[in-house]
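Here's the structure, in structure tokens; my notes come after.
Protein chains in written order, with this note's numbering: chain V, 2 to 554; chain U, 4 to 305.
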């Protein structure tokens with residue numbers, strides 16, 4: 002019985018074994034993804050990180066807080082309007098309206114300019130239509146000098162650096178407080194929403210685009226960090242691009258090839274998100290202040306755009322590059338003419354720039370949104386880490402890590418030779434180790450992941466630890482000093498892999514915190530180590546176990 | 004080769020000649036000394052190791068220049084220079100905290116005045132560095148706990164699992180103490196290396212424990228064979244890491260233009276310390292505890 006089994010196993014050809022087949026397929030996939038070619042030196046599809054390619058990295062922190070807030074709108078209104086017009090007296094209040102008396106009778110516009118909504122005025126009695134969340138949002142935004150966004154369920158995103166006690170103090174003045182959770186702890190999380198983080202990322206990459214830097218990788222980490230890698234740029238240029246807002250300008254077409262200045266971007270006071278308009282076309286709503294509204298009104302009439310919109314388009318420029326141009330819509334032309342005729346000054350004016358229908362229109366609308374903000378970021382951003390590696394230094398690092406890798410492999414080979422003194426063991430071991438490195442590189446090329454210095458350190462460490470597992474397999478199989486019968490061999494291989502899998506599992510779990518945490522630089526090290534261990538135990542080492550059986554028999 | 008075999012057999016003879024309790028003593032003494040060193044550092048400086056720039060914050064500029072240290076200090080006298088050191092054939096200048104405007108003007112100065120010197124610049128915000136410290140500590144604790152859980156799942160017996168976890172703990176502590184006394188600064192690279200050590204240092208312990216518990220034969224014989232395998236394992240890893248360390252750190256002695264690669268140098272030196280500590284902890288401490296455990300349970304069975 003035993004005899005028959007042995008015979009069957011022996012007749013099994015090496016190339017038919019599934020372990021060998023998987024190994025060969027994996028090596029082929031690696032070869033195809035690395036795609037080495039030779040023309041004026043060796044090149045491949047491998048991508049390298051900044052520390053090897055040269056360039057600049059920036060770590061940006063998006064300053065913001067997400068917190069729950071409750072406050073009394075009538076106290077906010079009392080405080081705000083008393084500060085502006087002298088002590089006011091609240092005579093009536095409901096969830097949607099607050100009525101108060103001002104010491105002096107005031108114009109509707111003067112009251113609305115405070116910015117808490119539209120009012121109805123009779124002499125010195127004012128009725129203000131309110132929305133609690135809006136009032137709180139407005140109050141915070143005004144006093145913290147930053148954007149505040151209501152997220153629903155009493156939660157607000159404050160897009161600026163502020164600490165808990167500062168905010169508590171501000172809220173206590175208007176009978177408000179920071180909300181608490183079920184355990185009575187304040188709801189307070191430093192960071193911004195995923196959407197805000199994503200929007201900041203979009204705006205940054207659009208800005209970089211304007212500077213001619215395409216496809217710059219920006220990686221969000223955690224809930225408030227963005228990592229930017231800028232190949233081929235030095236640190237001063239990078240800081241300039243990220244920190245300086247662009248110059249936005251609206252001009253109007255005078256004749257066929259001349260244009261006239263209308264208004265600067267600083268008069269744009271609000272920019273909406275892309276929305277589909279009534280006709281189905283995408284568009285961006287934006288609001289200009291009084292000065293801006295007057296400038297647009299006068300320009301549109303004086304240059305004849307209200308009569309002949311097609312020949313007198315409005316043109317928008319960011320850093321002197323045209324980003325949008327379109328004729329004034331007929332209904333807008335009408336309204337502008339009316340305003341002009343009445344010489345009426347408005348406190349602000351809402352406009353919509355349409356960008357066309359479908360996905361194309363939507364994409365254009367998204368870009369225009371960024372341009373209208375003049376590349377200004379939605380949140381306050383601080384550079385918490387930065388650095389530059391010149392390309393020449395990166396090239397030296399690359400060369401040196403290659404030397405380190407080869408040197409490491411050679412010394413490992415020497416130790417193996419000293420221990421076993423057999424070419425039949427030495428060659429397959431070193432070959433397996435090389436194949437593991439090759440497969441890790443193939444995996445990196447396949448997922449388009451950039452090799453950096455810590456990553457390469459990880460690969461070299463995997464050479465060292467991978468050989469260990471081959472030693473375990475070899476020693477387990479040759480426990481009595483020679484190749485045992487197939488049945489014993491199979492049992493031994495099983496035991497060896499028991500140890501190997503256990504060892505691999507501890508390495509993987511020990512490295513895993515690095516994957517989840519926000520250390521940008523160490524992710525490469527964690528990924529190579531984990532991927533290397535997995536490739537080793539699942540592909541390369543089983544194949545080795547099979548090959549030495551044939552070689553040592 | 005003979006020397007290698009000699010060393011292994013001497014080690015082997017030593018473990019045979021001593022009682023388990025005696026085997027455990029040297030590693031426990033080493034662990035105690037290491038803990039005292041780390042504790043002393045902690046009391047003295049507020050941190051068990053010297054913190055590098057990533058955790059402290061600040062700015063580092065390295066230049067391939069032959070300008071003397073004093074000349075560089077003078078050139079940057081408008082900025083808070085902490086010190087100038089040699090990093091291989093390059094000069095490394097460390098700066099204390101600066102405001103944004105100062106940082107920007109420094110970067111501009113470096114890139115215009117020292118363009119020839121392939122300037123490398125690194126900046127880190129001190130406040131963020133503080134939060135990185137916390138994260139690093141958390142990463143090490145989580146990593147260690149996960150490793151311990153896996154070890155318990157593998158062996159499912161108390162004493163052998165504790166022996167493995169204790170030996171890994173001692174590896175980390177002794178490696179950290181080495182970092183502390185040699186004045187190496189704790190960087191992201193050293194943290195990565197400590198995590199790697201947590202995962203890797205138990206490899207030889209797992210081999211030893213499996214061989215001793217799950218295989219028949221005389222105890223001493225099993226120990227000898229496990230030792231041959233285990234020492235080869237640690238030997239190959241040490242060989243690879245030492246090669247990496249030497250190339251990353253001392254290449255400039257052969258080819259003067261080659262820079263030091265500090266992150267690789269940091270990772271490898273910590274791994275070397277850890278692996279050396281692991282030799283002692285696996286083959287004295289872990290082996291000692293296992294032998295004691297096996298002899299005790301045999302006696303109980305008998």
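Glycine is no exception: its CB is placed at the ideal position from the N, C-alpha and C atoms.
Residue span of the beta strand (DSSP E) that contains residue i, given as start and end
i, result
"residue 249 of chain V", "249-254"
"residue 82 of chain U", "Neither: residue 82 of chain U is in no beta strand (DSSP E) and is coded neither H nor E."
"residue 262 of chain V", "260-265"
"residue 258 of chain U", "No beta strand (DSSP E) contains residue 258 of chain U, which DSSP labels as neither H nor E."
"residue 229 of chain V", "226-232"
"residue 129 of chain V", "126-130"
"residue 349 of chain V", "349-357"
"residue 98 of chain V", "98-102"
Contact with chain U by residue i, beta-carbon distance below 8 Å
i, result
"residue 399 of chain V", "no"
"residue 390 of chain V", "yes"
"residue 74 of chain V", "no"
"residue 420 of chain V", "yes"
"residue 455 of chain V", "yes"
"residue 308 of chain V", "no"
"residue 508 of chain V", "yes"
"residue 166 of chain V", "no"
"residue 466 of chain V", "yes"
Closer than 8 Å to chain V by CB, residue i
i, result
"residue 92 of chain U", "no"
"residue 163 of chain U", "no"
"residue 290 of chain U", "no"
"residue 254 of chain U", "yes"
"residue 114 of chain U", "yes"
"residue 4 of chain U", "Low per-residue confidence applies at residue 4 of chain U: pLDDT is 49, beneath 50, and the placement is therefore not dependable, though the value from the model is reported in the following sentence. Yes - at least one Cβ of chain V is within 8 Å of the one on residue 4 of chain U."
"residue 107 of chain U", "yes"
"residue 126 of chain U", "yes"
"residue 264 of chain U", "yes"
"residue 209 of chain U", "yes"
beta-carbon residue i near the ligand NAP non-hydrogen atom, thresh 7 Å
i, result
"residue 237 of chain V", "Among the components of this structure there are no ligands whatsoever, and the ligand NAP is therefore not found."
Closest residue to residue i among the options (Cα-Cα distance)
i, options, result
"residue 59 of chain U", "U/191, U/235, U/152", "U/191"
"residue 182 of chain U", "U/243, U/64, U/270, U/136", "U/270"
"residue 550 of chain V", "V/28, V/474, V/52", "V/474"
"residue 274 of chain V", "V/209, V/284, V/268", "V/284"
"residue 113 of chain V", "V/124, V/104, V/128, V/105", "V/128"
"residue 495 of chain V", "V/138, V/476, V/354", "V/476"
"residue 278 of chain V", "V/204, V/362, V/226", "V/362"
"residue 63 of chain U", "U/101, U/227, U/213", "U/101"
"residue 193 of chain V", "V/354, V/64, V/432, V/49", "V/64"
"residue 32 of chain V", "V/321, V/315, V/232, V/446", "V/446"
"residue 285 of chain U", "U/10, U/19, U/21, U/26", "U/26"
"residue 105 of chain V", "V/116, V/95, V/336, V/125", "V/125"
"residue 94 of chain V", "V/78, V/380, V/269", "V/78"
"residue 199 of chain V", "V/357, V/225, V/191", "V/225"
"residue 308 of chain V", "V/27, V/396, V/336, V/450", "V/336"
"residue 140 of chain V", "V/357, V/196, V/173", "V/173"
Cβ neighbour criterion (16 or more within 10 Å) applied to residue i
i, result
"residue 420 of chain V", "buried"
"residue 51 of chain U", "buried"
"residue 393 of chain V", "exposed"
"residue 183 of chain V", "exposed"
"residue 306 of chain U", "Outside the shown range of chain U (4 to 305) lies residue 306 of chain U, about which nothing can therefore be said."
"residue 386 of chain V", "buried"
"residue 85 of chain U", "exposed"
"residue 1 of chain U", "The first residue shown for chain U is 4 and the last is 305, placing residue 1 of chain U beyond what the model contains."
"residue 144 of chain U", "exposed"
Nearest-angstrom beta carbon gap, residue j and residue i [assumed within contact, 8 Å]
i, j, result
"residue 463 of chain V", "residue 441 of chain V", "7 Å"
"residue 241 of chain U", "residue 512 of chain V", "So it is not a contact: roughly 20 Å between Cβ atoms."
"residue 97 of chain V", "residue 68 of chain V", "With a Cβ gap of about 25 Å, residue 97 of chain V and residue 68 of chain V do not count as contacting."
"residue 388 of chain V", "residue 453 of chain V", "The Cβ separation is near 12 Å, so there is no contact."
"residue 444 of chain V", "residue 532 of chain V", "6 Å"
"residue 391 of chain V", "residue 123 of chain U", "7 Å"
N- and C-terminal bounds of the alpha helix (DSSP H) containing residue i
i, result
"residue 381 of chain V", "First-last for residue 381 of chain V: 381-390, but that is the beta strand (DSSP E), not the alpha helix (DSSP H)."
"residue 429 of chain V", "424-447"
"residue 172 of chain V", "165-173"
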